[in-house]
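> One structure, as structure tokens, below. Some questions next.
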Amino acid sequence: MTAYKIHPIVMGTKIFDKGMMTYQHDYGKPYTIPIYSWYIEGGDQKILVDTGEMNPIQSEEREKAIGGKIYTFDQGLALWGLTPADIDIVIHTHLHNDHCENDYRCENAVFYVHENELRHLHTPHPLDIRYIEDYISDIEENGQIRVVTEDLEVVPGIRVVHTPVHTEGGLTVFIDTAKGKAAITGFCVIMENLFPPKAVQAMEMEVIPPGTVVNSYEAYDIMLKVKKEADILIPLHEPRFAAVREIPEVE
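Spelled out as structure tokens, the structure:
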């Protein structure tokens, strides 16, 4: 069995109201989230989960807010001796623009995308402005997309599971590591969503759904399931991973 290593690479940031992350909690608090591309090292293929922003704002203020460096796509891949042309597989948690802006750069990659994400990309609801066809048009025209219609093993030890929490086509990526099964969530949350503060736990809530949610009740149940199935939880926008080079972390 391949034991993969997961490398978080910050390829963008976003500043907004914290309530955008924590459903019904902490509205009115400014909050900065990192936007990641995750390089999955191991096996014989070069794999990314999401591709981040095309032109990230690289400022001292934003790096201080997240506690780590912000890279362009080329800079981030170069940390691991890679170029965009080296990437064999990209797995998309979903297709909101900040997760797929560099897709066109990965000319040799196969992209795994849930069918519901493609449907929303081409016929977005007015409430969701973060689906932008232009970022996917190149890879669609080139026939690079593999449409996911059910849970599947992408390569041995890396499996995608449909988790419609934040979007209808969200895919959580389960990855075998030396310290157990890691889950890169298919929904935009921080660690606090999965391990709420005591005040929230006192309300008998074990998780907090994301601020943008498909169905809050179903989201809660899906998040609980992911939490129980994973040994290592990797929320998509958790700031502390901005200073981490490898998951599982080297002791």
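Residue numbers for the sequence shown follow the working numbering, beginning at 1189 and rising by one. Where is the CB? At the ideal position from N, CA and C, for every residue including glycine.
(1) So what's G1357 in DSSP terms, helix, strand or just coil?
(2) Is DSSP giving A1390 helix, strand or coil here?
(3) Assuming contact is defined by CB atoms lying nearer than 9 Å, are M1411 and V1348 in contact in what I supplied?
(4) On the CB-based measure, 16 or more other CB atoms within 10 Å of its CB, does S1247 come out buried or exposed?
(5) Among the residues of its own chain, which have a CB less than 6 Å from the CB of I1346, if the five just before and after it don't count?
(6) Let me know the secondary structure DSSP gives F1261 once reduced to three states.
(7) Consult DSSP for V1473 and reduce its assignment to one of helix, strand or coil.
(8) Taking the CB atoms as reference points, tell me whether A1273 and L1236 lie closer together than 9 Å.
(9) If you count every other CB in all the chains shown that lies within 10 Å of the CB of L1359, and 16 or more means buried, which is it?
(10) So the alpha helix (DSSP H) E1229 belongs to, where does it begin and stop?
(11) Can the beta-carbon of I1279 be found less than 9 Å from the beta-carbon of Y1292?
With the given structure in hand:
(1) coil
(2) coil
(3) no
(4) exposed
(5) I1363
(6) helix
(7) Here the chain comprises residues numbered 1189 to 1439, so residue 1473 is not present and cannot be evaluated.
(8) no
(9) buried
(10) From DSSP, E1229 is part of no alpha helix (DSSP H) but of the beta strand (DSSP E) over P1218 to E1229.
(11) no
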